[in-house]
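Enquirer: Following the numbering used here, the numbering of the sequence shown begins with 5 at its first residue and continues without gaps. Here a beta-carbon is modelled for each residue, glycine too, at the ideal position from N, C-alpha and C.
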Amino acid sequence: MAVVNPLAGADHQIAGWFHAHLSQAFVNILRVLSEPGAAEWIGVVLFIAVILLAWKRAWPALATIIIAVPGGMLLNELLKLAVHRHRPFLDGWFVDWSGYSFASGHTIGATLLYGQLLLFVLPVIKSKRRQRLAVLFAAMLVMLVGFSRIALGAHYLSDVIAAIFLGTLWLMICALLLRPMQRGIVVPVAIAVEEPRPTPAAAAEVMSESGVLP
Numbered sequence: 005m006a007v008v009n010p011l012a013g014a015d016h017q018i019a020g021w022f023h024a025h026l027s028q029a030f031v032n033i034l035r036v037l038s039e040p041g042a043a044e045w046i047g048v049v050l051f052i053a054v055i056l057l058a059w060k061r062a063w064p065a066l067a068t069i070i071i072a073v074p075g076g077m078l079l080n081e082l083l084k085l086a087v088h089r090h091r092p093f094l095d096g097w098f099v100d101w102s103g104y105s106f107a108s109g110h111t112i113g114a115t116l117l118y119g120q121l122l123l124f125v126l127p128v129i130k131s132k133r134r135q136r137l138a139v140l141f142a143a144m145l146v147m148l149v150g151f152s153r154i155a156l157g158a159h160y161l162s163d164v165i166a167a168i169f170l171g172t173l174w175l176m177i178c179a180l181l182l183r184p185m186q187r188g189i190v191v192p193v194a195i196a197v198e199e200p201r202p203t204p205a206a207a208a209e210v211m212s213e214s215g216v217l218p
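(1) Who are the near neighbours of Trp21 in its chain, counting only those whose CB is closer than 8 Å to its CB and skipping five residues on each side?
(2) For Ile177, name the three-state secondary structure that DSSP assigns.
(3) Can you tell me the Cβ-Cβ gap for Thr111 and Arg61, rounded? I've got them flagged as a contact below 8 Å.
(4) Assign Leu217 to buried or exposed, taking buried as 16 or more other Cβ atoms, counted over all protein chains shown, within 10 Å of its Cβ.
(5) So is Gln120 buried or exposed if we call it buried at 16+ other beta carbons inside 10 Å?
(6) What do you reckon, are the CB atoms on Gly76 and Leu116 nearer than 8 Å?
(7) How many Å lie between Phe106 and His23 at the Cα?
(8) Tell me where the alpha helix (DSSP H) around His16 begins and ends.
(9) Of all the options Asn9, Tyr104, Phe30 and Glu44, which has the alpha carbon lying nearest to the alpha carbon of Ala158?
(10) Look at Pro74 and Ala19 and say whether their C-beta atoms are less than 8 Å apart.
(11) Whose C-beta lies closer than 6 Å to the C-beta of Gly150 among residues of the same chain, with five residues either side of it excluded?
(12) Throw me the rounded Cβ distance for the Leu66 and Leu57 pair, which I believe falls under 8 Å.
(13) What's the gap between the Cα of Leu145 and the Cα of Ala114?
(14) Taking only beta-carbon positions, decide if Asp15 is within less than 8 Å of chain D.
(15) Do you know how far the Cα of Pro10 is from the Cα of Arg89?
(16) Buried or exposed: Ser102, going by 16 or more other Cβ atoms within 10 Å of its Cβ?
(17) Given a cut-off of 8 Å, decide if Pro64 and Leu182 are closer than it, judged by their beta-carbon atoms.
(18) Which same chain residues, not among the five before or five after Val49, have their C-beta less than 7 Å away from its C-beta?
(19) Tell me where the alpha helix (DSSP H) around Ile129 begins and ends.
(20) For Ala142, name the three-state secondary structure that DSSP assigns.
(21) Report yes if the CB atom of Leu140 is closer than 8 Å to the CB atom of Leu175, and no otherwise.
(22) Alpha carbons only, please: which of Ile55, Ile69, Ser108 and Ile71 is nearest the one belonging to Ser87?
Set out below in structure tokens:
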């Protein structure tokens with residue numbers, strides 16, 4: 005698939021600069037920063053979230069996180085095969101990746117997982133200040149993962165920007181498409197609770213017609 009990249013110049017300049025300045029200590033730091041977006045780490049966090057949601061019988065939330073996170077990561081793998089973009093660097097003592105570059109799998113995985121968890125916790129956080137801190141924390145996690153992938157030479161800048169954009173877009177699509185399912189579970193309960201009671205006048209009329217009252 006042919007893709008026009010307006011950031012091609014910046015992509016190669018940034019990748020080349022980091023590649024020329026990598027050291028053992030810097031690579032070790034970058035690998036630590038990459039971990040929150042690694043497939044293994046995402047799998048562990050996702051497994052814990054699924055167990056908790058199933059234990060709480062929060063079925064709409066369970067369906068949402070399964071469709072949003074693994075579903076979005078699978079779509080990204082299909083996108084990689086379609087775009088067929090090679091990584092900035094495939095040779096070096098620090099290289100531990102393979103496959104294609106666009107879009108960044110670590111970055112989109114972090115965007116999907118921490119973005120979806122953020123959407124779960126924001127409604128239950130009452131303090132506006134704590135809500136802002138939660139948003140900032142999730143955004144910083146994603147940004148650090150993306151930065152580490154660029155600096156290591158695993159991805160170009162445009163790969164990371166595209167991953168954040170596509171991950172956010174997929175979360176919005178999931179939220180919109182799964183909203184009717186959530187309403188379908190909540191509304192019947194609300195109807196049962198709000199069932200109208202007969203007024204005193206109506207009750208007296210029924211008792212009069214049945215002969216209970218003269």
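Expert: In short:
(1) Taking the first residue of the sequence shown as 1, we reach residue 21 at position 17. Nothing listed; no residue qualifies.
(2) Locating residue 177 in the sequence shown gives position 173, counting from the first residue. Three-state DSSP puts Ile177 in a helix.
(3) On the sequence shown, position 107 is the one that residue 111 refers to. On the sequence shown, position 57 is the one that residue 61 refers to. In fact, because the Cβ distance is near 33 Å, the residues do not count as touching under 8 Å.
(4) In the sequence shown, the residue the question calls residue 217 occupies position 213. Its pLDDT being 45, under 50, Leu217 is placed unreliably in this model, and the value from its coordinates should be taken loosely. Flag for Leu217 reads exposed.
(5) Counting from 1 along the sequence shown, the entry for residue 120 is found at position 116. Its Cβ being crowded by 16 or more others within 10 Å, Gln120 is buried.
(6) Working through the sequence shown from its first residue, we reach residue 76 at position 72. Working through the sequence shown from its first residue, we reach residue 116 at position 112. Contact flag set, yes.
(7) Position 102 of the sequence shown, counting from 1, holds the residue named residue 106. Position 19 of the sequence shown, counting from 1, holds the residue named residue 23. Computed Cα separation, rounded: 19 Å.
(8) Looking up residue 16 in the sequence shown gives position 12. Here the alpha helix (DSSP H) through His16 covers Ala12 to Ala24.
(9) As a first step, residue 158 is located in the sequence shown; it is residue number 154 there, counting from the start. Per the Cα distances, Tyr104.
(10) Start at 1 with the first residue of the sequence shown, and residue 74 comes out as number 70. Start at 1 with the first residue of the sequence shown, and residue 19 comes out as number 15. No. Outside cutoff.
(11) Here residue 150 refers to the residue found at position 146 of the sequence shown. Result list for Gly150: Thr111 and Val164, in chain order.
(12) One-based indexing of the sequence shown puts residue 66 at position 62. One-based indexing of the sequence shown puts residue 57 at position 53. Going by Cβ atoms, the distance from Leu66 to Leu57 rounds to 4 Å, so yes, they are a contact pair.
(13) Stepping through the sequence shown from its first residue, residue 145 is reached at position 141. Stepping through the sequence shown from its first residue, residue 114 is reached at position 110. Rounded to whole angstroms, Leu145 to Ala114 spans 7 Å at the Cα level.
(14) Note that chain D does not occur in the displayed structure, where there is just one protein chain.
(15) Looking up residue 89 in the sequence shown gives position 85. Looking up residue 10 in the sequence shown gives position 6. If I take the Cα positions, the gap works out to 15 Å.
(16) By 1-based counting over the sequence shown, the position of residue 102 is 98. Classification for Ser102: exposed.
(17) Locating residue 182 in the sequence shown gives position 178, where the first residue counts as 1. Locating residue 64 in the sequence shown gives position 60, where the first residue counts as 1. Taking 8 Å as the Cβ cut-off, Leu182 and Pro64 qualify as a contacting pair.
(18) Working through the sequence shown from its first residue, we reach residue 49 at position 45. Only Leu117 meet the Cβ criterion.
(19) Your numbering for residue 129 matches position 125 in the sequence shown. Note, Ile129: premise wrong, no alpha helix (DSSP H); not H, not E.
(20) Here residue 142 refers to the residue found at position 138 of the sequence shown. It is helical.
(21) As a position in the sequence shown, residue 140 is number 136, starting the count at 1. As a position in the sequence shown, residue 175 is number 171, starting the count at 1. In this structure, Leu175 does not lie closer than 8 Å to Leu140 by Cβ.
(22) Working through the sequence shown from its first residue, we reach residue 87 at position 83. For the sequence presented, residue 87 should be read as Val rather than Ser. Ranking the options by Cα distance to Val87, first place goes to Ser108.
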